[in-house]
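Visitor:
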Amino acid sequence: MPAIPMTSPCKRHTGAADFKRDAALDLIKWLALITMLVDHMRYALPGFDWTYIPGRLAFPLFCVAIAANVARQQLRDAPISWRYLAWMFVFAAVSEWPYRLLVANAQTLNIMPTLVLGLLITQAVARPRGWSLTLGLLALAVGLYLDGQLQYGIPGMLLIVACYAALRHFQACWVLPIMLCLTANYWPDVYEAAARKEVSAWVVIAICGLPPVAGIWLLRRQITWTIPPVGRWAYFFYPVHLAALVGLRTLLT
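Just so you know, we're using my numbering here: the sequence shown kicks off at 1 and counts up by one.
1) Taking 8 Å as the cut-off, does the region 213 to 225 touch the region 19 to 36 (at least 3 CB pairs, one atom from each stretch)?
2) Whole-angstrom Cβ separation of I28 and V64, contact assumed at under 8 Å?
3) Does T35 pass the burial test, meaning 16 or more other C-beta atoms within 10 Å, or should it be called exposed?
4) I need the straight-line Cα distance from P155 to W174, nearest angstrom please.
5) Which one of F62, T114, L117, M157 has the shortest CA to CA distance from A213?
6) In the DSSP assignment, find the unbroken alpha helix (DSSP H) run with I239 in it and report its ends.
7) What are the start and end residues of the alpha helix (DSSP H) that includes N69?
8) In this structure, does DSSP put E96 in helix, strand or coil?
9) Determine the DSSP secondary structure at G215, reduced to helix, strand or coil.
10) As a quick exercise: from F91, L210, A141, pick the residue whose alpha carbon is nearest that of M112.
11) Give the secondary structure of W187 by DSSP, where H, G and I count as helix, E and B as strand, and everything else as coil.
12) Going by the beta-carbon positions, is the gap between L120 and A104 smaller than 8 Å?
13) Using only the alpha-carbon positions, how far apart do V142 and P177 sit?
14) Find out if the Cβ-Cβ distance for the pair P239, S95 is shorter than 8 Å.
15) When we look at the beta-carbon of P79 and count the other beta-carbons within 10 Å, is it buried (16 or more) or exposed?
16) What residue range does the alpha helix (DSSP H) around Q171 cover?
17) Terminal residues of the continuous alpha helix (DSSP H) containing G118?
18) Verify the contact flag: P98, CB atom, against every heavy atom of the ligand GDP, threshold strictly below 7 Å.
19) Which of the three DSSP states, helix, strand or coil, is assigned to K29?
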């Protein structure tokens, strides 16, 4: 799926060549991985609390990447990729142990369950029949039940759906991922500061709300330079980087 300029923000060409490696999509994945690593550094390094702010980019960029893959799958009218789902389920389970070690007294699961449930719901929206619809409805029920245990809660789970809708119908739906991002990252102190017209608070709100739209904009760009592909190794990156940060923190303390 190359980053071919679209006639509208909701469509890509459907020729076979369109499903080559997409440099823009790989760039989004790299940005998501890097900002996730930066975000998690605050759990291992003293004085790194500031990494929380750039870390707000990671989750919505992952959502944009997953939504783009679902959109590409729909253009080919392809069925569910069971292998893709299996990888995500496996690493959702594998990542929980290092996540609990890194994040003391964690009140939520690691981020993978949120992404898996969001993916299943989005596939049901894109292909509302058969197993896609059944699994999507089941995922929605599970997500509603686990709301308090999901990172970013219900808004986070639905963010992939909103990103998919914005990819398909940008003019009508672009505000949805922004609103869900802001809801998922709701921080009362920031909004109180914004009400006092503090510029820093508005910067934080922008960083929390704009990444999905920025990611969709980037998908529409023609990237001419070579971006290293993000392959299946990225699944391993999540639990491995969590474990590595646990090890780093242990060495420093």
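Just so it is clear, CB atoms sit at the ideal spot from N, CA and C, and this is done for glycine as well.
Guide: Short version:
1) The region 19 to 36, when compared against the region 213 to 225, does touch it at the 8 Å Cβ threshold.
2) Counted from its first residue, the sequence shown places residue 28 at position 28. Counted from its first residue, the sequence shown places residue 64 at position 64. Their Cβ separation, rounded to whole angstroms, is 6 Å, which keeps I28 and V64 in contact under 8 Å.
3) Stepping through the sequence shown from its first residue, residue 35 is reached at position 35. By the Cβ-count criterion, T35 is buried, with 16 or more other Cβ atoms from all chains shown falling within 10 Å of its own Cβ.
4) To locate residue 155, count along the sequence shown from 1; it is residue 155. To locate residue 174, count along the sequence shown from 1; it is residue 174. Spanning the alpha carbons of P155 and W174 requires a straight line of approximately 15 Å.
5) By 1-based counting over the sequence shown, the position of residue 213 is 213. Correcting the residue type first, residue 213 is Val in the shown sequence and not Ala. Minimum Cα distance to V213 is reached at F62.
6) Translated into the one-based positions of the sequence shown, residue 239 becomes position 239. Sequence inspection shows Pro at residue 239; the Ile mentioned does not correspond to that position. Per DSSP, the unbroken alpha helix (DSSP H) holding P239 starts and ends at 233 to 252.
7) Here residue 69 refers to the residue found at position 69 when the sequence shown is read from its first residue. 58 to 75 is the extent of the alpha helix (DSSP H) around N69.
8) The residue given as residue 96 occupies position 96 in the sequence shown. DSSP places E96 within a helical segment (H, G or I) once states are collapsed to three.
9) Indexing the sequence shown from 1 puts residue 215 at position 215. Correct three-state label for G215: helix.
10) Here residue 112 is taken as the residue at index 112 of the sequence shown, counted from 1. Distances from the alpha-carbon of M112 to those of F91, L210, A141 put F91 closest.
11) In the sequence shown, residue 187 corresponds to position 187, counting from 1. The answer is coil: DSSP assigns W187 none of H, G, I, E or B.
12) As a position in the sequence shown, residue 120 is number 120, starting the count at 1. As a position in the sequence shown, residue 104 is number 104, starting the count at 1. Their beta carbons are not under 8 Å apart, which means L120 does not touch A104 by this criterion.
13) Taking the sequence shown and counting its residues from 1, the one referred to as residue 142 is at position 142. Taking the sequence shown and counting its residues from 1, the one referred to as residue 177 is at position 177. If I take the Cα positions, the gap works out to 21 Å.
14) Here residue 239 refers to the residue found at position 239 of the sequence shown. Here residue 95 refers to the residue found at position 95 of the sequence shown. Between P239 and S95, the C-beta gap is smaller than 8 Å, which places the two residues in contact.
15) Position 79 of the sequence shown, counted from the first residue, corresponds to residue 79. For P79, the number of other beta carbons within 10 angstroms of its own is below 16, and it is reported as exposed.
16) Walking along the sequence shown from the start, residue 171 turns up at place 171. That run of the alpha helix (DSSP H) goes 170 to 173.
17) Taking the first residue of the sequence shown as position 1, residue 118 is located at position 118. Its alpha helix (DSSP H) spans residues 111 to 126.
18) Only the bare structure without any ligand can be found here, which leaves the ligand GDP out of the picture.
19) As a first step, residue 29 is located in the sequence shown; it is residue number 29 there, counting from the start. Helix at K29.
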